[in-house]
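Count the sequence shown with numbering that gives the first Met the number 0 and you get residues 0 to 444, in order.
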Amino acid sequence: MTESLRTTAPSAASLAAEARPDRNRAVDAYRAVAMLAVAIGHWCAVAISVGPDGSIEAGNALEYAPSMSWITWLFQVMPLFFVVGGFASAMSLDAHSSSEDASPQRWIAGRMRRMLAPTVALATTWLVALAASAVTGSAGLVGLAATAAAIPLWFLANYTIDTALAPYVLPRFRAHPVALPAILLAVFGAVEVARYSGVPVVPQINWVLGWLLFQVLGFAWRDGLLPSGRSMVALAASAWAVTIALVSVGPWPVAMVHFPGLAFSPTHPPSIALLTFGLAYSATAIAAAPAVTRFLAGDGLGRTAWVATVAGNAVAMSVYLWHMTAAIVAGAIAWPLGLLPTAEVGTGAWWIQKLPLMAMAALILIVVVAFVSRIERQSLLARPSGWDRGPWATFGFAAITSAALKAWASGHAGVVFVATATLVLLWHMVFAPQNTKPRRLPLSR
0 MTESLRTTAP SAASLAAEAR PDRNRAVDAY RAVAMLAVAI GHWCAVAISV
50 GPDGSIEAGN ALEYAPSMSW ITWLFQVMPL FFVVGGFASA MSLDAHSSSE
100 DASPQRWIAG RMRRMLAPTV ALATTWLVAL AASAVTGSAG LVGLAATAAA
150 IPLWFLANYT IDTALAPYVL PRFRAHPVAL PAILLAVFGA VEVARYSGVP
200 VVPQINWVLG WLLFQVLGFA WRDGLLPSGR SMVALAASAW AVTIALVSVG
250 PWPVAMVHFP GLAFSPTHPP SIALLTFGLA YSATAIAAAP AVTRFLAGDG
300 LGRTAWVATV AGNAVAMSVY LWHMTAAIVA GAIAWPLGLL PTAEVGTGAW
350 WIQKLPLMAM AALILIVVVA FVSRIERQSL LARPSGWDRG PWATFGFAAI
400 TSAALKAWAS GHAGVVFVAT ATLVLLWHMV FAPQNTKPRR LPLSR
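Okay, here's the thing in C-alpha cells:
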C-alpha cells in the first residue's frame with residue numbers, strides 16, 4: 000500500500016511557514032487537540048483491573064462510577080470535530096471546483112483515500128492477528144481485542160457518510176442557508192420524539208442527521224454566516240444553559256458519551272441533548288477562534304505552538320486510529336507484570352494505579368505513530384489519480400466503507416474478520432491511487 004504513495008514529506012516547520020496570513024489557524028488547532036482529547040478520554044474510560052479472585056475485569060469506568068459523567072463534557076469533542084470537518088470540507092470543495100476535472104465524486108474519492116490509507120494499515124494489522132488466532136485457537140480473545148481497538152471507529156463510519164454528502168449538501172446550504180438547517184433540525188426533532196416514544200428503526204435516521212447538522216454548522220462558519228464577538232459568546236452561554244436544563248430535568252443522561260447501561264444514549268444515535276451540548280461546545284470554540292488564531296500567528300511561543308499544531312495534524316489520524324490498540328498492548332504487558340489496577344474503579348487509589356498503564360499506552364502509541372504516520376503523511380501528499388465512477392457508485396463505496404467500519408465493532412471474531420478484510424479489499428481494488436507522482440500539498444487547502 001505504501002509503495003504507491005511514496006514521496007518525501009516536507010517538515011512541519013516548512014509547512015507552518017507556508018501558511019497564508021488569513022488562514023483560520025484555530026481550525027487546525029481544534030482538529031489536532033480533538034484527536035488528542037479522544038485518545039486521553041478513551042484511556043481514562045478504560046476500566047481494566049484485577050478482581051479479588053485474580054481474574055481480569057474490563058469495562059467502561061462510567062459503568063462503575065457514573066458520578067464521573069461530568070468529565071465527558073470535557074472530552075466529548077466529536078461535535079466540534081464535525082464542525083471543523085465541515086469548515087475544512089467547504090474550503091476543499093471551493094478549491095476543487097476550480098480544477099478542470101472537478102466533480103463531486105472525484106472530491107469524495109480523494110477524501111476517502113485520505114481517510115482509508117491510514118485506516119487500512121490498522122485493519123491489515125488486526126486482519127493478520129485474527130487469521131493467526133484462528134490457527135492458534137485464540138480467535139475469541141483476539142476478536143474481543145480487535146473489537147476494543149475499533150471502539151473509536153463509529154465516528155469514522157459516520158464521518159465517511161457526511162463526507163460523501165458534503166458536495167451535495169454544501170451548494171444547497173448556500174442556496175438556502177436558513178431553510179436547510181431548519182428542515183434538518185425539524186426532521187431530527189421528529190425522529191427524536193419517535194425514539195423516546197419507542198418507535199423502532201426510525202431513530203437510526205439521526206445517526207446521519209445529527210452529525211450532518213454539525214457539518215452544516217461548519218459550512219456556516221466557513222461562509223462567515225455566524226455571529227461573532229459577544230453575540231457568539233451569548234449563543235454559547237445559552238446553549239450551555241439549555242444543555243444543563245435538559246440533563247437536569249429530562250430523560251437525557253449527564254454523560255455525553257455512550258456506554259452500556261444507559262437508558263437513552265447521547266450518541267447512539269445522537270440525542271437532542273448532544274445537539275445542544277455540541278452547539279455549546281462548538282460555539283465556545285468559534286468564539287475563541289480569533290484569539291487562538293492571533294496567538295498561533297504570533298512570534299515566540301505562538302510560533303512554536305503553530306509548528307506543533309501543524310505537526311499534530313500530520314499524525315492526527317494515526318493517533319486517533321491506533322490509541323486503543325496501544326492501550327490493549329499496554330494492558331497485555333501490564334497484566335503479567337502486576338501493574339493493572341486493583342482498587343475500586345473511580346476512587347483516588349484507582350486513578351493513581353492507572354497512571355502507569357496510561358503512561359505505557361502513551362509510550363507505545365508514540366512508537367507506533369512514528370512508524371505508521373508516514374502512511375498518513377504520504378496520503379496527504381499523493382497526487383490525485385483519475386476517478387471515473389459515477390455518483391451512485393461512489394456513494395455506494397462510501398456506504399460499504401461505513402458499514403464495514405461499524406461491523407468491525409460487532410464483537411464477533413468472524414464479523415470483525417470480514418469487516419477488516421472488506422476495508423483492505425476496498426482500498427486495493429477501489430480507492431488506492433494509481434498515480435505515483437508526488438505533489439506538494441499547500442497548507443491552505
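Ideal Cβ positions, reconstructed from N, Cα and C, are used throughout, including at glycine.
Per-residue DSSP class, three states only, for residue i
{"i": "Val344", "result": "coil"}
{"i": "Ala15", "result": "helix"}
{"i": "Ser102", "result": "coil"}
{"i": "Trp157", "result": "According to the sequence provided, residue 157 is Asn. The question's Trp does not apply to it. Residue state, collapsed to three classes: helix."}
{"i": "Gly389", "result": "coil"}
{"i": "Val49", "result": "strand"}
{"i": "Ala57", "result": "strand"}
{"i": "Phe430", "result": "helix"}
{"i": "Pro269", "result": "strand"}
{"i": "Thr6", "result": "Its pLDDT being 49, under 50, Thr6 is placed unreliably by the model, and the measurement read from it follows with that caveat. In this structure, Thr6 counts as coil in the three-state DSSP scheme."}
{"i": "Phe263", "result": "coil"}
{"i": "Gly85", "result": "helix"}
{"i": "Gly410", "result": "coil"}
{"i": "Trp251", "result": "coil"}
{"i": "Asp21", "result": "coil"}
{"i": "Ser91", "result": "helix"}
{"i": "Val256", "result": "coil"}
{"i": "Gln75", "result": "coil"}
{"i": "Ala177", "result": "With the sequence shown as reference, residue 177 is identified as Val, and Ala is not the correct amino acid for it. In the structure shown, Val177 sits in coil (DSSP, three-state: anything other than H, G, I, E or B)."}
{"i": "Ser96", "result": "coil"}
Cα-Cα separation between residue i and residue j, rounded to whole angstroms
{"i": "Ala431", "j": "Thr159", "result": "16 Å"}
{"i": "Ala185", "j": "Val200", "result": "18 Å"}
{"i": "Gly53", "j": "Leu356", "result": "18 Å"}
{"i": "Ala360", "j": "Ala108", "result": "33 Å"}
{"i": "Val429", "j": "Ala12", "result": "34 Å"}
{"i": "His427", "j": "Ala130", "result": "19 Å"}
{"i": "Ala412", "j": "Ala403", "result": "14 Å"}
{"i": "Ala369", "j": "Val248", "result": "47 Å"}
{"i": "Asp387", "j": "Arg105", "result": "8 Å"}
{"i": "Leu362", "j": "Val417", "result": "31 Å"}
{"i": "Ala288", "j": "Leu225", "result": "12 Å"}
{"i": "Ala38", "j": "Pro250", "result": "29 Å"}
{"i": "Trp391", "j": "Pro103", "result": "11 Å"}
{"i": "Thr393", "j": "Ala331", "result": "40 Å"}
{"i": "Cys460", "j": "Phe80", "result": "Because residue 460 is not part of the residues shown, which for the chain are 0 to 444, the question remains open."}
{"i": "Ser48", "j": "Glu56", "result": "5 Å"}
{"i": "Glu375", "j": "Leu208", "result": "29 Å"}
{"i": "Tyr195", "j": "Leu183", "result": "19 Å"}
{"i": "Ser97", "j": "Ser91", "result": "10 Å"}
{"i": "Asp222", "j": "Leu422", "result": "34 Å"}
{"i": "Val32", "j": "His41", "result": "14 Å"}
{"i": "Ala262", "j": "Ala64", "result": "16 Å"}
Own chain, CB closer than 7 Å to residue i, minus 5 neighbours either side, in chain order
{"i": "Asn157", "result": "Trp206, Trp210"}
{"i": "Ala238", "result": "Thr275, Leu278, Ala279, Ala282"}
{"i": "Glu2", "result": "Note on Glu2: pLDDT 41, under 50, position unreliable in the model; no value is reported."}
{"i": "Thr446", "result": "Residue 446 lies beyond the range of the chain shown here (0 to 444); nothing can be said about it."}
{"i": "Met67", "result": "Ala60, Leu61, Gly345"}
{"i": "Val306", "result": "Ala11, Ala12, Ala15"}
{"i": "Tyr450", "result": "Past the boundaries of the shown model lies residue 450; the chain is included only from 0 to 444, so the question cannot be answered."}
{"i": "Val415", "result": "Leu129, Gly142, Ala145, Thr146, Trp407, Ser409"}
Residues near residue i by beta carbon distance below 8 Å, same chain, minus five either side
{"i": "Leu424", "result": "none"}
{"i": "Leu179", "result": "Val168, Arg171, Phe172, Val215"}
{"i": "Ala148", "result": "Leu121, Trp125, Met323, Thr324, Ile327"}
{"i": "Pro259", "result": "Gly58, Asn59, Glu62"}
{"i": "Ala397", "result": "Ile107, Met111, Thr159, Ile160, Thr162, Ala163"}
{"i": "Gly410", "result": "Gly142, Leu143, Thr146"}
Sequence-distant residues of the same chain with beta carbon closer than 6 Å to residue i, five excluded per side
{"i": "Val161", "result": "It is Asp, not Val, that sits at residue 161 in the sequence shown. For Asp161, where only same-chain residues beyond five positions count, the Cβ hits under 6 Å are Trp210, Leu211, Gln214."}
{"i": "Val371", "result": "Ala120, Ser317"}
{"i": "Thr71", "result": "Ala254, Met255, Val256"}
{"i": "Ala236", "result": "none"}
{"i": "Phe294", "result": "Gly301"}
{"i": "Ala128", "result": "Val141"}
{"i": "Glu191", "result": "Ile271"}
{"i": "Gly337", "result": "none"}
{"i": "Val241", "result": "Thr275"}
{"i": "Lys353", "result": "Pro340"}
8 Å contact criterion, which residue i and residue j should meet: CB distance rounded
{"i": "Phe154", "j": "Met77", "result": "6 Å"}
{"i": "Val26", "j": "Phe86", "result": "5 Å"}
{"i": "Pro265", "j": "Ala254", "result": "6 Å"}
{"i": "His95", "j": "Ala101", "result": "5 Å"}
{"i": "Pro166", "j": "Ala219", "result": "The pair is not a contact, with the Cβ atoms about 17 Å apart (cut-off 8 Å)."}
{"i": "Trp508", "j": "Leu245", "result": "Missing from the structure shown is residue 508; the chain here goes from 0 to 444 and no further."}
Counting only runs that start and end within the stretch 180-248, where is the alpha helix (DSSP H) found for 4 or more residues in a row? 205-221, 229-248
At which residue ranges does the stretch 114-155 contain complete alpha helix (DSSP H) runs of 4 or more residues, listed in the order of the chain? 138-148
Entirely enclosed alpha helix (DSSP H) segments - the stretch 278-364, minimum 4 residues: 300-336
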